[in-house]
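Per numbering that gives the first Met the number 0, residue 0 is the first one in the sequence shown, and the count goes up by one each step.
Glycine included, every Cβ here is placed at the ideal spot set by N, Cα and C.
Beneath this line is the structure, given in C-alpha cells, with notes to follow.
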Amino acid sequence: MTLNLQKITKNSRIAFDSKVNTTKKNRVLKKFLSLLNKNKKKIIKQNHKDIKFAKKKKLKENLIKRLEIDEKKINNIIKSINQIIRIKDPTNKILEKWTRPNGLILKKVSVPIGVIAVIYESRPNVTSDIASLCFKSGNAVILRGGSEAFNTNKIISNLFRLSLKNCGVDQNYVQFINSKNRKIVDKLLSKMKGYIDLIVPRGGKSLVKKVDELSTVPYIGHLEGICHTFIDKKAQLKMAIKVLENAKMRNTSICGATETVLFHESIAKKFINPVLKNLQKKGCNIFGDKTIKKLFDGKSNLANNKSWSTEYLSSNISAKVVKNLNEAVKHINQFGTMHTDAIITDDKKAADYFLKNIKSSIGIHNSSTQFADGGEFGFGAEVGISTNNLPPRGPVGLGQLVSYKYEVYGKGQIRK
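In C-alpha cells:
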C-alpha cells in the first residue's frame, strides 16, 4: 500500500513538472465536458450502484440525497466547468513589480502549489469540481473520495483522465485512489511528507479532526460550520423572515447553513414569533434561550451552552436574544467557527461594525449565509471553505490554489 501511494505521488510530481499552457488546459476541460455529456447514462448507472450500497449500509436519508446524481446534477457539473473555463488562468501572473534604487527589477509572480491531495465525502460533483480547479490552476491532484460514492467518483475521474490523454497531457495530473481501504487516508496524512504539498479535507467533523491530528503535510479546511444570522434592531421584518428561511432551510446539510439566530432585544417581541413560526412551518425545531421560551408562542426546546456550539446540519436551529450589536459580535466570536456569519439591518454603520469585528472568513450583510460557496462567489466551483487565520480564507477556488515567488532581474549588481 505504501509503495503504491509513493508511486501515485511520484507520478503526480512528474505530471506537475511537465507544465501545461492555458490553451491546452481549456482544451482538456472542454473535452471533459464533451465526455460528461456523452456518458450521462453510464454515470447515472454507476451512481445507482452507490445508492444501493448506501441504502444497504443504512446511511441517513440526507446523506443519500447528497450522493444522488441525475441528469440535472450532471448539467450543473457541466455548468460549473464552463465557468472555470471562462475564468482567467491564475498562474504566471505578475502580482507586483518594482525597481530598487540599485536598478534591480523585482516581480512577484503567481505559481501553482504542486501536488494536492483532496480527501472528501459524499457529493460526487466534488470529483469534477476539484479535478477541474486543480488542473486549471496548474496543480496535480490526488483524489480520495468516500467509499459511499466510489463508483460515481471513479467514472468521473476516469473521464477526466481520458480527456487529458486525448489532449496529449499526462493523465497523472489527476489520479483517483482506487481503493476503499480507510488506512490509505492515514498513510496519506502521516507518511507522505515530501511527496504531497497540500492536503484538503472536505467532509464531516470526524474527517477534519483526523486530518488535524495526523497530518504531517500542510492542510486547509474547516472543522465545523457554526454559522450565525444576527437580526439587528433596524432590520426589516419581511427581509429577516425570507433571508433566515433560506439561510437555515434551503439546504440544512451544508456547512454554510445558519445554525444560530440572534435577535436584538429591542425587536425581540415584534420579530421572534413571525420569524421562528415561519421556520417551524417549514419543519424546523427551535432551541431557544429563556427569553425566546418566554416570548415564543410555538413549541420550543430550552437551549444550553452546548446548543451554541452545535452544528446541527439538520432542521434544528438555536435562538438567542442579545442586548446589542456588541453582544452579538462577542457571542459569534466565542461560539462561531470563523466560517460565515450574517447581519440583517438597514443601519450601514452597524453592518460595517459587524463585518469588521467578527472573526469569520466570510461576513454577510442582508443576505443568506448559504452564499458561502465558491460557485456563488464566481469561482466556478470550490475545493472547500477555509477558516484558517492564514490565507487562503473562505471559498478556495482557482485564485486561491496558487502561491507566489519573487523573480529578481539584474545587470551585474553585487551587494556591498
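Item, Value
"N-terminal and C-terminal residue of the alpha helix (DSSP H) that PHE229 is part of", "Here PHE229 belongs to no alpha helix (DSSP H); instead the beta strand (DSSP E) covers 226-230."
"Spatial distance of PHE15 from LEU275 (CA atoms)", "52 angstroms"
"Residues sharing a beta bridge with ASP340, DSSP", "HIS227 and GLY362"
"Beta-carbon contacts of PHE270 that lie in its chain and below 8 angstroms, excluding the five residues immediately before and after", "ILE230, ALA234, LEU236, ALA239 and PHE262"
"Buried/exposed call for MET0, threshold 16 Cβ in 10 Å", "The predicted position of MET0 is uncertain, since its pLDDT is 44 and thus under 50; no value can be drawn from it."
"Distance, ASN38 Cα to HIS47 Cα", "14 angstroms"
"Residue closest to PHE378, alpha-carbon to alpha-carbon, out of GLN82, SER252, CYS166 and ASP346", "GLN82"
"Paired residues, beta bridge with GLU95 - DSSP", "LYS107"
"Range covered by the alpha helix (DSSP H) that runs through GLN333", "324-334"
"Inter-stretch contact at 8 angstroms, needing at least 3 Cβ pairs: the segment 369-389 / the segment 72-80", "yes"
"Beta-carbon contacts of LYS410 that lie in its chain and below 8 angstroms, excluding the five residues immediately before and after", "GLY102"
"Uninterrupted alpha helix (DSSP H) stretches inside the segment 189-266 (no shorter than 4 residues)", "204-213 and 236-248"
"Simplified DSSP assignment, three categories, for LYS404", "strand"
"Check whether THR251 and THR228 have beta carbons under 7 angstroms apart", "no"
"Integer Cβ distance of SER11 from ALA130, believed to fall under 8 angstroms", "Not really, about 13 angstroms apart at Cβ, beyond 8 angstroms."
"Check whether ILE316 and CYS283 have beta carbons under 7 angstroms apart", "yes"
"For LYS415, three-class secondary structure by DSSP", "coil"
"Buried versus exposed call for LYS44 [16 or more other C-beta atoms within 10 Å across all chains shown]", "exposed"
"Assigned exposure category for SER408 - 16 Cβ within 10 Å defines buried", "Checking the sequence shown, residue 408 turns out to be Tyr, not Ser. Exposed."
"Strand pairing of LYS319, partner residues [DSSP]", "LEU261"
"Whole-number beta carbon distance between LEU35 and ILE76, since they are thought to touch under 8 angstroms", "7 angstroms"
"Residue from LYS415, TYR403, GLN412 and ARG414 with nearest C-alpha to ILE93", "TYR403"
"Same chain, Cβ closer than 8 angstroms to ALA53, five either side skipped, listed in chain order", "LEU62, ILE63, LEU66 and GLU147"
"ILE154 to GLN170 span [Cα, whole Å]", "14 angstroms"
"DSSP state of ASN138 mapped onto helix, strand, coil", "coil"
"Other residues of its chain near TYR311: CB distance less than 6 angstroms, five sequence neighbours each side excluded", "GLU258"
"Residue from PHE334, ASP351, LEU161 and ASP69 with nearest C-alpha to LYS223", "The amino acid occupying residue 223 in the given sequence is Glu; Lys does not appear at that position. The option with the nearest alpha carbon to GLU223 is PHE334."
"Within 7 angstroms, strictly: CB atoms of GLY137 and THR90", "yes"
"Three-way DSSP call (helix, strand, coil) for TYR119 in this model", "strand"
"Test item: CB-CB of GLU244 and ASN272 under 7 angstroms", "no"
"Alpha carbon of ILE418 to alpha carbon of LYS322, nearest angstrom", "This structure gives no information on residue 418, because the portion of the chain shown stretches from 0 to 415."
"Own chain residues within Cβ distance below 7 angstroms of LEU496, not counting five before or after", "No answer is possible for residue 496: it lies beyond the span of the chain, which begins at 0 and ends at 415."
"Boundaries (first-last residue) of the alpha helix (DSSP H) holding PHE353", "347-356"
"Contact under 7 angstroms by Cβ, LEU4 with LYS186", "yes"
"Span separating the alpha-carbon of LYS305 from that of ASP288", "12 angstroms"
"Beta-carbon proximity check, SER359 vs ASP340, cutoff 7 angstroms", "yes"
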